[in-house]
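Participant: Right, I'll just put the structure down here and ask away after.
4 protein chains.
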Amino acid sequence: MATQANSIPHPTLIKVDPFIPADQQKGIHNRWHPDIPAIATVKPGETFKIECVDWTGAQIGNNDNSDDVMNVDLTKVHNLSGPIAVEGAEPGDCLVVDILDITPFEKMPWGYTGIFELENGGGLFAREFNSRAAKAIWDLNGIYATSRHIPGVRFAGVTHPGLIGTAPSTELLATWNKREGELIAAHADSIPPVAFPPEPKGAYVGQDLAPEVLEKIAKEGARTIPGREHGGNCDIKNLSKGSRCYFPVFIKGANLSVGDLHFSQGDGEMSFCGAIEMAGIITFSTSIIKGGIEKFALKQPIFLPSPIDPMYSSKIIFEGLSVDIHGDGKQYNMDASVAYKQAALNAIAYLQKIGYTREQAYLLLSAAPVESHVGALVDSPNACVTLAIPTGIFDHNILPNPDGFPKRNFGQCAIRSDGVV
Amino acid sequence: MATQANSIPHPTLIKVDPFIPADQQKGIHNRWHPDIPAIATVKPGETFKIECVDWTGAQIGNNDNSDDVMNVDLTKVHNLSGPIAVEGAEPGDCLVVDILDITPFEKMPWGYTGIFELENGGGLFAREFNSRAAKAIWDLNGIYATSRHIPGVRFAGVTHPGLIGTAPSTELLATWNKREGELIAAHADSIPPVAFPPEPKGAYVGQDLAPEVLEKIAKEGARTIPGREHGGNCDIKNLSKGSRCYFPVFIKGANLSVGDLHFSQGDGEMSFCGAIEMAGIITFSTSIIKGGIEKFALKQPIFLPSPIDPMYSSKIIFEGLSVDIHGDGKQYNMDASVAYKQAALNAIAYLQKIGYTREQAYLLLSAAPVESHVGALVDSPNACVTLAIPTGIFDHNILPNPDGFPKRNFGQCAIRSDGVV
Amino acid sequence: MATQANSIPHPTLIKVDPFIPADQQKGIHNRWHPDIPAIATVKPGETFKIECVDWTGAQIGNNDNSDDVMNVDLTKVHNLSGPIAVEGAEPGDCLVVDILDITPFEKMPWGYTGIFELENGGGLFAREFNSRAAKAIWDLNGIYATSRHIPGVRFAGVTHPGLIGTAPSTELLATWNKREGELIAAHADSIPPVAFPPEPKGAYVGQDLAPEVLEKIAKEGARTIPGREHGGNCDIKNLSKGSRCYFPVFIKGANLSVGDLHFSQGDGEMSFCGAIEMAGIITFSTSIIKGGIEKFALKQPIFLPSPIDPMYSSKIIFEGLSVDIHGDGKQYNMDASVAYKQAALNAIAYLQKIGYTREQAYLLLSAAPVESHVGALVDSPNACVTLAIPTGIFDHNILPNPDGFPKRNFGQCAIRSDGVV
Amino acid sequence: MATQANSIPHPTLIKVDPFIPADQQKGIHNRWHPDIPAIATVKPGETFKIECVDWTGAQIGNNDNSDDVMNVDLTKVHNLSGPIAVEGAEPGDCLVVDILDITPFEKMPWGYTGIFELENGGGLFAREFNSRAAKAIWDLNGIYATSRHIPGVRFAGVTHPGLIGTAPSTELLATWNKREGELIAAHADSIPPVAFPPEPKGAYVGQDLAPEVLEKIAKEGARTIPGREHGGNCDIKNLSKGSRCYFPVFIKGANLSVGDLHFSQGDGEMSFCGAIEMAGIITFSTSIIKGGIEKFALKQPIFLPSPIDPMYSSKIIFEGLSVDIHGDGKQYNMDASVAYKQAALNAIAYLQKIGYTREQAYLLLSAAPVESHVGALVDSPNACVTLAIPTGIFDHNILPNPDGFPKRNFGQCAIRSDGVV
């Protein structure tokens, strides 16, 4: 018969509490550095679990104003769980990681999506919208998310780690800091900043390390904001549970870290804190392919997507070109970022016709399973990018209505307690 | 019983011959201008067909060298069929176009994909690869394409018009010429050029018009290379047969033109002439939504995709960031175009490990139903874009092989008769 | 350049006229018999086309009453095109057939779905409904079908041959006639009949054969109504264009015949003439696997489905059990046929609540891309079968409305000129 | 910030221990009867969880022989959790149930599939195979299942409750007992039995009820084996997490019960205990549609499937007809059950060619996401049913190999300790 004895649960290698500030917990770190020791070691083939706080480390609450978003301390992000070493992994190898599952904590069945202040975090339209803090809280009901701040919508999550990667080598870290430093130097006064140099303030490694090691990590450690050659904060929604990912290995043990779990996200993650951010538990197994970097020409991770992806076959698709039609009309040269933004602005304008506020539309497109494809990148001077909204996530009909849309009022998302939007 | 009398075929409003140079045929034009008169008029609700030559107007042949691509005359493109006026359409309206079907000519069951010379047409990697002309001829066997120039591959087409749009108003045309002119002026010596000003040489309108009208069109008419507010050369593979598209109307009658039919294309259309270019027949029906531009905030076309899209659920996905890892390592600032290119270069390098030449890989990724998603555009400074190759289009296994790939030789695509690649 | 000379169309091996009675045309036959000679021979690897009349051979017209259905002569069906011999095929081999394309004739862009009279053809509910002739004419607009007889519906076709198979050997034919004869004998008075013995009346082979050969075929030839070990009239909607099918070979040359082309069909084909029946053109290529019957344990065809299948992800699903809940409440013993019928009757009752007539609902479920799955066949005594209606084929919302459905009137399908339903 | 206080977990209304025999636990019952009182009551709109033991109540262990399956006590099944009353539900209403999530217990990450003895439980091929007990244990690794007893296979689960339904009214219960009793009477000596009458032995209700009430329930209560008008043991794999189901309400409160959780199942559930049977936790929310039975002609449940369903687009499909080709060649009359069995036998024979044993193939087809469609039910005398195996669940290529399959040995599943198969 079924017994405790013949039922072996998968071990949890890192345990965290999603309600305690991250910098009071073991097994968490928020910078990339080769000198951060592995907190645990696994053998290839083992299935294991890792618990993660939300990316901010419990700074954001389940409530109805956005003051916590306004005041978020971004020197303390992203809070990652790890590193996990894999026995036998060596530089030049490929670390195969199966993302077997991702779930929220049972005790914390909610997540959030935020618009950050122009001066504190920004986001894709921070300047265009002169962004003030706003947020939506999402209730996680099994496979679905709904929000009291964006009524009329329910969708299945494409749950994924926003951030996952192997540790950089000393050389790779130096390359990052050099190239990003040059970019920062060239745009010194940009708001929001174009990139983030190493920042000792807020740096954290939840291990008992010698002070000089901690200091070195804090001083040199790469910030976690961008994705890089090792993976990192790529925010690829389809690197979801069920995926198999092939990472390059740069140091002995590979030293895998993970965090920034997302219940759902739209392609582009528009508002920066654009996914449904959550704390939760991720299940992995790993294997190693010796010499995989050479075998697969592996300059960056490659992955096989999950067989599980929400099917919303009916969509409405918006086009965008590299002309700032929503702004000053400027012609850009084959710029897919501009094209994505135009498609997004077309979509936001459409959702406003339906009755959502601009902030609700911005949050919804960030968090829902929106698909954005590169259409064409060769028709000079106009890059073309599309953005597709699945119609099945709405409980009302959003297809173009020949009579125009009836006036509807969906309220507003959570905004600052001083009412500024 | 079934009889000729009770069987009414859909009328063909424009007939062309795919084997005759386009500029000897009626109903074709290759510039955008409001003064090009409609060649036919339809009522809303009618189903009708339009025949199209391939975009070059028969310049490329079904043979085994790329000299025709090398010498292609690009002043004569794109050859569009139209314009078709729709009764009742007025500026401010939305023209709804159902793309009901697209088929190649029965007498011409083939298409081509080309890499253009750096100095004559270019393409996404024209400079990186110092591109020399190359091509692949595709045999169109019902829903499938195969190529003797890229063995080991067969895929179902996502057939679509690369180019479809309504006619611009005089004002809109002026806007285009102004903004693109400014871009050209700012990059005067660029090879390939960043954009294309009006060019009387090669301009063509296949109608009996007064010489001064023809001259005006040739002198002012916008080139067809980029997509713009009216649609145009967007090269969106999912605007495929079965789609419903909503176009803004800028002049009375809307004046719809179409051409550049593609049997298949990958997201991005990489090599510029990257789709499987074909001549063929497109079937439409239309309707009008009065005041649709205002109702739907319609600054550019929006569309509903077809329920028919090839299902290749197994994929291998490559990531790309806005760092030129394949080149000089430069850090770009949140540039999705750079990120797409890196993902593409990762994919090309991978296909070369399998045994394809760089040219074959470049052509294949351009033409096959490759999916490219914007991953995230908010993780400064790195935009992240992914590119997914469906594994089911290969008759061999392309998944990462722990033992590395066996050496295979797939020959080479069609190259220049002088052998230069 | 593109020329006629470098463009070789796929050859058409059998040409027919869809407006001429089938028994006046060459290359058509309507019985299965090993002595029907091949009308053409192909080499493995060739792509070729075959034209087909509709299954009745032009008996049904594009009009608004069902008298032609009422009076249809079923001794003359199904009209098949063929046989085509494949060089090198021998008994014991496997004939691989790629169904590359299927299109209606350009001159006949319509099809029909029929309910047959109880006493002339029947159908799944012939007895329950005491069926009288009715039909719907479908306009084929590219990938879509619509019907003036069933308003409010539009769907993409899953185009397939209802009937395709290799020729039986003499022994296999004898087996068929014996086993079906025994069934007929056991249900001698059934209306509609349970099976159909060889029937010289109406038998036809469109070749110049010796009278004694024709007579033998007419006397012994198996009727085409059921599917059998060689394929035949399986009416599997997913054996659609793009599929690859593996047939057992029973005689030298394999002798492939095809007909009964369907623009679309629901799982089950409910009303017997339940698909959208059409005349048209099918494109094939073939290959041979020597000894394939043994290699693959091939007692019946197996196939690989097309990558192209309409995606209607939103569905409403009806359950059915092997209890005649809609009839006398009788408990059947694990009977999946009864379960399918109950699911179908639940669906019909639901569509009637929406406003369709029973005849419209019956025709629609027969013709639309309805999915029917075997749920479970092991929970004694109740087989469970489901039937799923895609909601995206309606231009109105058919999901369960908490307020009930508003009264709507969709008219009626084509019925008999005497008004009897 | 995120706190315990602002994070409200969904309440668990019934808690069970999967390692304790079911008949020692509260909140479980194994018969259907209107007099079983609700163990808990919910308001419409609440999200809540229910824990379930596996259907046998811990009788089967994670080990490597099938003696527990051989000796299973089937008078004690199925063990259901419930009933749950919904406030306001009355006979004639429709109870809407959202199945929001289903997960295994963290402490029990495994499930099983069993072949039962011909004389104790049976299964679809119990007689054909003279079945002896066998089983496969599946490791549940996040979204995937693998089995040491069926190597070479990994697939994503379509997790669903095999059994879910509302309580019958007294009248409905009487109808069931009458009609099934008549069937039993007509097949008195059948092995396995055709149906199961009320059976006091093994009957269990985990509530403190008066002895006479318990006795009445045990004496009259319907067995849980078949699905019926209220839902019940329908074993529909697509009624999976994410589905919305509409149940008819027969008694006040509706009294919903659920159990028999399946991690995965193939259409048909072939071997009876054919799913991956597991213990676990199901999450629900409910609502009520007043008068829904009348509004939707609701004789049985209808449901909307989940947007989440594993996508395995590449398949190999087997056909089956209502002729017993694998047995005595008998011709059946339009019998879809026979047709399903033939398709299944074709698939089993094919998998044996690849190297699996008959028992492994039988278990695999029962448990994997196999799709079985009703092809056609109108081509007298042959029903046609298809069975599709997704190729992507194998780590080796199972497509028809022109050279035949290489000899491979996948061992054997768990069999009886006496070695009898």
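Residue numbers (our numbering), protein chains in the order written: chain A, 1 to 421; chain B, 1001 to 1421; chain C, 2001 to 2421; chain D, 3001 to 3421.
Note that CB positions come from ideal geometry on N, CA and C, so glycine has one too.
1. According to DSSP, which residues form a beta bridge with residue 3374 of chain D?
2. Pop quiz: residue 3259 of chain D and residue 3055 of chain D are said to be a contact at Cβ under 8 Å. What is the actual Cβ separation, rounded to whole angstroms?
3. Would you kindly report the start and end of the unbroken alpha helix (DSSP H) that includes residue 3337 of chain D?
4. Excluding the five sequence neighbours on either side, which residues of its own chain have a C-beta within less than 6 Å of the C-beta of residue 396 of chain A, listed in chain order?
5. Using the DSSP secondary-structure output, state which residues sit across from residue 1233 of chain B in a beta bridge.
6. Thinking C-beta only, is residue 286 of chain A closer than 8 Å to residue 32 of chain A?
7. Does the structure place the region 1078-1092 of chain B close enough to the region 1001-1019 of chain B that three or more beta carbon pairs sit under 8 Å?
8. When you compare the CB of residue 3311 of chain D with every CB in chain B, is at least one pair closer than 8 Å?
9. State yes or no: is the beta carbon of residue 2052 of chain C nearer than 8 Å to at least one beta carbon in chain D?
10. List the residues of chain C whose Cβ lies closer than 7 Å to the Cβ of residue 1241 of chain B, in chain order.
11. So is residue 96 of chain A buried or exposed if we call it buried at 16+ other beta carbons inside 10 Å?
12. Just the chain B side, please: which residues come within less than 9 Å of residue 300 of chain A by C-beta, in chain order?
13. Counting only runs that start and end within the region 244-298 of chain A, where is the beta strand (DSSP E) found for 3 or more residues in a row?
14. Taking residue 70 of chain A and residue 133 of chain A to be in contact with their CB atoms under 8 Å, please state how far apart those CB atoms are, rounded to whole angstroms.
15. Within the chosen definition, does the region 1173-1189 of chain B reach the region 1277-1294 of chain B through at least 3 CB pairs nearer than 8 Å?
16. What is the DSSP secondary structure of residue 300 of chain A, counted as helix, strand or coil?
17. Contact criterion: CB-CB distance below 8 Å. Does residue 1063 of chain B meet it with respect to chain A?
18. Could you tell me which whole beta strand (DSSP E) segments of length 3 or greater appear in the region 1154-1192 of chain B?
19. Check residue 412 of chain A in the structure and name its three-state DSSP category.
20. Name the residue from A:89, A:2, A:7 whose alpha carbon lies nearest to the alpha carbon of residue 426 of chain A.
21. Taking Cβ positions only, does residue 3001 of chain D come closer than 8 Å to chain A?
22. Just to confirm the assignment, what range does the beta strand (DSSP E) spanning residue 965 of chain B have?
23. Can you look up residue 1365 of chain B in the DSSP assignment and give me helix, strand or coil?
24. Quick check on residue 1392 of chain B - is its C-beta less than 8 Å from some C-beta in chain D?
25. I want to verify the contact list: residues of chain B whose CB lies under 8 Å from the CB of residue 2068 of chain C, in sequence order.
26. Expressed to the nearest angstrom, what Euclidean distance is found between the alpha-carbon atoms of residue 1094 of chain B and residue 1288 of chain B?
27. May I ask you to report which of helix, strand or coil DSSP gives residue 1134 of chain B?
28. Residues of chain C with CB under 8 Å from residue 1100 of chain B, in chain order?
29. Using C-beta distances below 7 Å, list every residue in its chain close to residue 1219 of chain B, excluding the 5 sequence neighbours before and after it, in chain order.
30. Measuring only between beta-carbons, confirm whether residue 3314 of chain D sits less than 8 Å from chain A.
31. Take residue 303 of chain A as the anchor and find which of B:1300, B:1319, B:1290 has the nearest alpha-carbon.
32. Taking contact to mean 3 or more Cβ pairs, one atom from each stretch, closer than 8 Å, check whether the region 3145-3164 of chain D and the region 3361-3373 of chain D are in contact.
33. Pick out the complete alpha helix (DSSP H) segments inside the region 1013-1093 of chain B, 4 residues or longer, and give them in chain order.
34. Taking Cβ positions, are residue 2110 of chain C and residue 2062 of chain C nearer each other than 8 Å?
35. Rounded to a whole number of angstroms, what is the C-alpha to C-alpha distance between residue 1170 of chain B and residue 317 of chain A?
36. Please list the terminal residues of the continuous alpha helix (DSSP H) segment that includes residue 3215 of chain D.
Facilitator: From the atom records:
1. As a working mapping, residue 3374 of chain D is identified with position 374 in the fourth sequence. DSSP, once it has assigned bridges, lists D:3385 as partnering residue 3374 of chain D.
2. One-based indexing of the fourth sequence puts residue 3259 of chain D at position 259. One-based indexing of the fourth sequence puts residue 3055 of chain D at position 55. The pair is a contact, with the Cβ atoms about 6 Å apart (cut-off 8 Å).
3. Position 337 of the fourth sequence, counted from the start, is the residue given in the question as residue 3337 of chain D. Unbroken alpha helix (DSSP H) run through residue 3337 of chain D: 3336-3354.
4. Within the first sequence, the letter at position 396 stands for residue 396 of chain A. Result list for residue 396 of chain A: 152, in chain order.
5. On the second sequence, residue 1233 of chain B is found 233 positions in, with the first residue counted as 1. Residue 1233 of chain B pairs with nothing; no bridge assigned.
6. In the first sequence, residue 32 of chain A corresponds to position 32, counting from 1. In the first sequence, residue 286 of chain A corresponds to position 286, counting from 1. No; because the gap between Cβ atoms is not below 8 Å, this pair is not in contact.
7. yes
8. Locating residue 3311 of chain D in the fourth sequence gives position 311, counting from the first residue. For residue 3311 of chain D, the answer is yes, since a Cβ of chain B falls inside 8 Å of its Cβ.
9. As a first step, residue 2052 of chain C is located in the third sequence; it is residue number 52 there, counting from the start. Not one chain D Cβ lies under 8 Å of residue 2052 of chain C.
10. Along the second sequence, read from residue 1 onward, the residue named residue 1241 of chain B stands at position 241. Result: 2142, 2143.
11. One-based indexing of the first sequence puts residue 96 of chain A at position 96. Under this definition residue 96 of chain A is a buried residue.
12. Taking the first residue of the first sequence as 1, we reach residue 300 of chain A at position 300. Under the 9 Å cutoff, chain B gives 1318, 1319, 1320, 1321, 1325, 1342, 1343, 1346.
13. 244-248, 256-262, 272-277, 280-289
14. Counting from 1 along the first sequence, the entry for residue 70 of chain A is found at position 70. Counting from 1 along the first sequence, the entry for residue 133 of chain A is found at position 133. Sure, about 4 Å apart at Cβ, within 8 Å.
15. no
16. Reading the first sequence from its first residue, position 300 is the one you call residue 300 of chain A. In this structure, residue 300 of chain A counts as coil in the three-state DSSP scheme.
17. In the second sequence, residue 1063 of chain B corresponds to position 63, counting from 1. No, no contact with chain A.
18. 1160-1166
19. Working through the first sequence from its first residue, we reach residue 412 of chain A at position 412. Three-state DSSP puts residue 412 of chain A in coil, outside helix and strand.
20. Residue 426 of chain A cannot be examined here, being either before or after the span of chain A that is shown, 1 to 421.
21. The residue given as residue 3001 of chain D occupies position 1 in the fourth sequence. True, the Cβ-Cβ gap to chain A drops below 8 Å.
22. With chain B represented from 1001 up to 1421, any question about residue 965 of chain B goes unanswered, as that position is not in the structure.
23. In the second sequence, the residue the question calls residue 1365 of chain B occupies position 365. Reduced to three states, the DSSP call for residue 1365 of chain B is helix.
24. To locate residue 1392 of chain B, count along the second sequence from 1; it is residue 392. At least one chain D Cβ lies under 8 Å of residue 1392 of chain B.
25. Within the third sequence, numbered from 1, the residue matching residue 2068 of chain C stands at position 68. Simply 1001.
26. Here residue 1094 of chain B refers to the residue found at position 94 when the second sequence is read from its first residue. Here residue 1288 of chain B refers to the residue found at position 288 when the second sequence is read from its first residue. Between residue 1094 of chain B and residue 1288 of chain B, the C-alpha separation is close to 6 Å.
27. As a first step, residue 1134 of chain B must be located in the second sequence, where it is residue number 134. Correct three-state label for residue 1134 of chain B: strand.
28. Mapped onto the second sequence, residue 1100 of chain B falls at position 100. Residues of chain C passing the Cβ test: 2141, 2142, 2143, 2144.
29. If you number the second sequence from 1, residue 1219 of chain B lands on position 219. So the list reads 1198, 1200, once near-sequence residues are dropped.
30. On the fourth sequence, position 314 is the one that residue 3314 of chain D refers to. No, residue 3314 of chain D lies away from the interface with chain A (no Cβ there is under 8 Å from its Cβ).
31. Numbered from its first residue, the first sequence carries residue 303 of chain A at position 303. The shortest Cα separation from residue 303 of chain A among B:1300, B:1319, B:1290 belongs to B:1319.
32. yes
33. 1067-1070
34. Mapped onto the third sequence, residue 2110 of chain C falls at position 110. Mapped onto the third sequence, residue 2062 of chain C falls at position 62. The answer is yes: Cβ separation under 8 Å.
35. Taking the first residue of the second sequence as 1, we reach residue 1170 of chain B at position 170. Taking the first residue of the first sequence as 1, we reach residue 317 of chain A at position 317. Computed Cα separation, rounded: 28 Å.
36. Here residue 3215 of chain D refers to the residue found at position 215 when the fourth sequence is read from its first residue. 3211-3220 is the extent of the alpha helix (DSSP H) around residue 3215 of chain D.
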